[in-house]
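Asks:
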Amino acid sequence: MNSVAAKTDLAFQKCIAPRCGATYGIDEIRVQCEVCGDLVDVVYDWDRARPPDSFAFFEQKWSRRADPLCASGVWRFFELLPFAPPSQVVTIGEGQTLLQSAPHVASYVGLKPGRLHLQYEGMNPSGSFKDNGMSAAFTHARTTGAARAACASTGNTSASLAAYCSVTRLMKAVIFVGSGKISYGKLSQALDFGALTVQIAGDFDDAMARVKEASRDLGIYLVNSVNPFRLEGQKTIMYRVLEGLRWEVPDWIVVPGGNLGNSSAFGKAFAELREIGLIDRLPRLAVINAAGANTLYELYHRRGVRWNQGSPDTGAIDGYYADLDSRGRRASTIASAIEINRPVNLNKCLRSLEWCDGVVREVTDQEIMDAKAQVGAGGLGCEPASAASVAGAKQLRSEGIIGADERVVCILTGHQLKDPTATVAYHTTDQDKFNEVLGSRGVKRAAFANRAVAVPNDLEEIIKAIQLYS
Ligand SMILES: *Cc1c(COP(=O)(O)O)cnc(C)c1O
Ligand SMILES: [Zn+2]
């Protein structure tokens, strides 16, 4: 079934390994290259696709918001991901997000006021950036006539898939989750939206392995981020960042790294914009791991693994995984959305790091929770994984890698209410609760705790407390 894409196709799929470069038709369902096993990209023949020659083209779509394809923050950029006919596009209003200047967080990070922006993806319909990718993968699934769609998830992908299935009724959702690690905010979404939820006795990496096998055996459409169409939707996060900056390229994009779909998509977004002449330079990219799930950091920062013109050192990568296995090491971090040891998009992320002169850092759970509290104090709520971007920016700033004057965009990947347990534990006065939720993760103190003030049910005492603390 090795169908080679026709020379006249406007969009097709292509193996990312330059030494292979096998091509596949756009309508194929493919999570890896059949020839060499590497990841595949969605690629476009830009000469024939004829993208707009100015960003103003996208801005004028604001005035046509009655059309769902113009209102969607993903499909407003249709001309930059033209893999399906407009009539097949699935949208539930994703991508109506916010790029907010955050002076309070800027000072925490060590940047001048006005130099730090937060791209808040918590505003998506299911509360995380995953909806950007899901609308694109779902669109592709629809063009293939799929009846069921599946994913393994630390929570947000499943919430997103479940939402698309229940809103559109185009497919049935089958969701694989690990046991114990998923936050209630996310699990509740999948259940509420009516998805078939299969809880595996294992962690995310186990759920991922099983969902691949089950989907293959049952012919179910897989929407995990190995799916190249997901990344097409996630490119639009960068288009909206540029739009929010009046189409000026920032100096840095800082993003948490889990399965590395975002970092992969962001690099591709900028490389394509340069290729078609809409920008003339790429921002630098910083990908931030949690210290308890730091495969990318270990490989890139410590062991020098690079894209290397499409031939990354697979020996070093396999050796690292074998070492993890032999020591029985499992990913462990409070930032459950990035609690992943085997990032499926590793090679694409390495490519993005090369395109964007990237850096990789790791941050502790303590740093993540402190940064999260600072983001909250600045008025935007995010879940722990999201705050890794801010903690990472702070670290890079203190190392002098990021300059105080540089323009930095941190991606806040998911909404605060996804994981209220972590937030309440951080701010709680109850030491047992704190230890139970955060202590086992190595979080020792809540430097920015906003404790509830306990008062008797007595007006005089209440008034005293308010005067004392406000
Ligand atoms: C999925 C997810 C991530 C990880 O993103 P990748 O693209 O897999 O690296 C980070 N934060 C949140 C909130 C997520 O849901
Ligand atoms: Zn290949």
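Heads up: the sequence shown is residues 1008 to 1477, going by my numbering.
Where is the CB? At the ideal position from N, CA and C, for every residue including glycine.
For clarity, every value in this text was computed on a predicted model and none was experimentally measured.
For chain D, is any of its Cβ atoms less than 9 Å away from the one on V1416?
Replies: No chain D appears in the structure shown, which is made up of a single protein chain.
Asks: Taking the alpha carbon of V1248 as the reference point, which residue from A1459, A1395, V1415, I1470 has its own alpha carbon closest?
Replies: For the purposes of this step, residue 1248 is identified with residue 241 of the sequence shown, where counting begins at 1. The option with the nearest alpha carbon to V1248 is V1415.
Asks: Comparing alpha-carbon positions, which option in D1045, A1159, R1223 lies nearest D1210?
Replies: Taking the sequence shown and counting its residues from 1, the one referred to as residue 1210 is at position 203. Nearest of D1045, A1159, R1223 to D1210, Cα basis: A1159.
Asks: Does the distance from the CB of V1230 to the CB of T1321 come in under 9 Å?
Replies: Position 223 of the sequence shown, counted from the start, is the residue given in the question as residue 1230. Position 314 of the sequence shown, counted from the start, is the residue given in the question as residue 1321. Not in contact: V1230 and T1321 (Cβ atoms no closer than 9 Å).
Asks: Excluding five sequence neighbours on each side, which residues of the same chain lie with their C-beta closer than 7 Å to the C-beta of N1009?
Replies: Reading the sequence shown from its first residue, position 2 is the one you call residue 1009. Any reading at N1009 needs caution, since the residue's pLDDT is 46, under 50, leaving its predicted position unreliable; the model's value is listed next. Only E1041 meet the Cβ criterion.
Asks: Who pairs with W1259 in a beta bridge, going by DSSP?
Replies: Position 252 of the sequence shown, counting from 1, holds the residue named residue 1259. BP columns for W1259 point to R1291, V1415.
Asks: Give the straight-line distance between the Cα atoms of A1378 and R1122, rounded to the nearest whole angstrom.
Replies: For the purposes of this step, residue 1378 is identified with residue 371 of the sequence shown, where counting begins at 1. For the purposes of this step, residue 1122 is identified with residue 115 of the sequence shown, where counting begins at 1. C-alpha separation (whole angstroms): 17 Å.
Asks: If I measure Cβ to Cβ from G1006 and keep anything under 8 Å in the same chain, skipping five residues before and after, which residues do I get?
Replies: Nothing in the structure corresponds to residue 1006, since the chain is present only between 1008 and 1477.
Asks: Determine the closest residue to A1461 out of G1032, P1263, T1436, I1033, with distance taken between C-alpha atoms.
Replies: Indexing the sequence shown from 1 puts residue 1461 at position 454. It is T1436 whose Cα lies nearest to the Cα of A1461.
Asks: Please classify I1295 as buried or exposed, where buried requires at least 16 neighbouring CB atoms within 10 angstroms.
Replies: Taking the first residue of the sequence shown as 1, we reach residue 1295 at position 288. With 16 or more Cβ atoms within 10 Å of its Cβ, I1295 is classed as buried.
Asks: Give the straight-line distance between the Cα atoms of H1422 and G1335, rounded to the nearest whole angstrom.
Replies: Position 415 of the sequence shown, counted from the first residue, corresponds to residue 1422. Position 328 of the sequence shown, counted from the first residue, corresponds to residue 1335. Their backbone Cα atoms lie some 32 Å apart in a straight line.
Asks: With a threshold of 8 Å, are at least 3 pairs of Cβ atoms found where one atom belongs to the segment 1164–1179 and the other to the segment 1187–1197?
Replies: Touching, yes.
Asks: Would you say D950 touches ligand 2, meaning its beta carbon is less than 8 Å from a heavy atom?
Replies: What the structure shows of the chain is the stretch from 1008 to 1477, and residue 950 is not part of that stretch, so it cannot be assessed.
Asks: Going by DSSP in three states, M1008 sits in which element: helix, strand or coil?
Replies: As a first step, residue 1008 must be located in the sequence shown, where it is residue number 1. Here the model assigns M1008 a pLDDT of 42, short of 50, so the residue's position is not dependable and the matter cannot be decided.
Asks: State the DSSP-derived secondary structure class of T1436, mapped to helix, strand or coil.
Replies: Residue numbering aside, residue 1436 sits at position 429 when the sequence shown is read from its first letter. Here T1436 sits in coil by DSSP.
Asks: Who are the near neighbours of V1367 in its chain, counting only those whose CB is closer than 6 Å to its CB and skipping five residues on each side?
Replies: Position 360 of the sequence shown holds residue 1367. These residues qualify, in order along the chain: V1294, L1303, Y1304, Y1307, H1308.
Asks: For Q1065, report the span of its alpha helix (DSSP H) as first-last.
Replies: In the sequence shown, the residue the question calls residue 1065 occupies position 58. Rather than Gln, the amino acid found at residue 1065 in this sequence is Phe. Segment 1063–1066, the alpha helix (DSSP H) holding F1065.
Asks: Assign I1099 to one of two classes, buried (16 or more other C-beta atoms within 10 Å of its C-beta) or exposed (fewer than that).
Replies: In the sequence shown, residue 1099 corresponds to position 92, counting from 1. It is buried - the Cβ of I1099 has at least 16 other Cβ atoms within 10 Å.
Asks: Are the segment 1272–1287 and the segment 1244–1261 in contact at 8 Å, needing three or more beta carbon pairs?
Replies: They touch, by the three-pair rule.
Asks: With a threshold of 8 Å (Cβ to nearest heavy atom), would T1164 be considered close to ligand 1?
Replies: Translated into the one-based positions of the sequence shown, residue 1164 becomes position 157. Yes, the Cβ of T1164 comes within 8 Å of a heavy atom of ligand 1.
Asks: Mind reading off the beta-carbon distance from N1352 to L1267? Whole number of angstroms is fine, and I expect it under 8 Å.
Replies: As a working mapping, residue 1352 is identified with position 345 in the sequence shown. As a working mapping, residue 1267 is identified with position 260 in the sequence shown. The Cβ separation is near 4 Å, so the contact holds.
Asks: Evaluate contact between the segment 1073–1080 and the segment 1214–1228, counting only Cβ atoms and requiring at least three cross-stretch pairs below 8 Å.
Replies: The segment 1073–1080, when compared against the segment 1214–1228, does not touch it at the 8 Å Cβ threshold.
Asks: Please output, in chain order, the residues near ligand 2 using a CB cut-off of less than 6 Å to any non-hydrogen atom of the ligand.
Replies: With the cut-off at 6 Å, the residues found are C1022, A1024, C1027, A1029, C1040, V1042, C1043, D1045.
Asks: Curious, which full-length alpha helix (DSSP H) runs of at least 4 residues does the segment 1107–1150 contain?
Replies: Segments of the alpha helix (DSSP H) lying fully in the segment 1107–1150: 1110–1116, 1137–1150.
Asks: Give me the residue from F1062, A1453, A1063, L1118 with the minimum Cα distance to K1401.
Replies: Here the question's residue 1401 lines up with position 394 in the sequence shown. The candidate whose alpha carbon is nearest that of K1401 is L1118.
Asks: Can you look up G1264 in the DSSP assignment and give me helix, strand or coil?
Replies: The residue you call residue 1264 lines up with position 257 of the sequence shown. Residue state, collapsed to three classes: coil.
Asks: Could you tell me whether any non-hydrogen atom of ligand 1 is closer than 8 Å to the CB of L1267?
Replies: Walking along the sequence shown from the start, residue 1267 turns up at place 260. Indeed, a heavy atom of ligand 1 lies less than 8 Å from the Cβ.
Asks: Determine the closest residue to E1255 out of I1036, R1026, C1027, F1062, with distance taken between C-alpha atoms.
Replies: Translated into the one-based positions of the sequence shown, residue 1255 becomes position 248. Taking only the C-alpha atoms, the option nearest E1255 is F1062.
Asks: Residues in its own chain within less than 6 Å of K1137 by CB, not counting five upstream and five downstream?
Replies: For this step, residue 1137 is matched to residue 130 along the sequence shown. If we look at K1137 and ignore the five residues flanking it on each side, its Cβ neighbours are N1163, T1164, S1167.
Asks: I'd like the list of long-range same chain contacts for P1132, defined as Cβ closer than 7 Å, with 5 residues on each side in sequence excluded.
Replies: Position 125 of the sequence shown, counting from 1, holds the residue named residue 1132. Result list for P1132: I1099, G1100, E1101, D1138, A1170, in chain order.
Asks: Would you check whether ligand 1 has a heavy atom nearer than 8 Å to the C-beta of E1390?
Replies: Translated into positions along the sequence shown, residue 1390 becomes position 383. Yes, since a heavy atom of ligand 1 falls inside the 8 Å radius drawn around the Cβ of E1390.
Asks: Hey, would you say the C-beta of K1425 is under 8 Å away from at least one heavy atom of ligand 1?
Replies: One-based indexing of the sequence shown puts residue 1425 at position 418. Because some heavy atom of ligand 1 lies under 8 Å away, the Cβ of K1425 counts as near it: yes.
Asks: Are there any heavy atoms of ligand 1 lying less than 8 Å away from the beta-carbon of G1264, as far as the coordinates show?
Replies: The residue labelled residue 1264 in the question sits at position 257 within the sequence shown. At least one heavy atom of ligand 1 is nearer than 8 Å to the Cβ of G1264, so yes.
Asks: Quick one: measure Cβ to Cβ for D1372 and S1190, integer angstroms, because I've assumed they're closer than 8 Å.
Replies: Along the sequence shown, read from residue 1 onward, the residue named residue 1372 stands at position 365. Along the sequence shown, read from residue 1 onward, the residue named residue 1190 stands at position 183. So it is not a contact: roughly 14 Å between Cβ atoms.
Asks: Please return the same chain residues whose Cβ sits closer than 8 Å to the Cβ of V1382, not counting the five positions on each side in sequence.
Replies: Counting from 1 along the sequence shown, the entry for residue 1382 is found at position 375. Closer than 8 Å at Cβ, skipping near neighbours: A1109, V1112, L1125, G1388, C1389, S1393, A1394, V1397, L1419.
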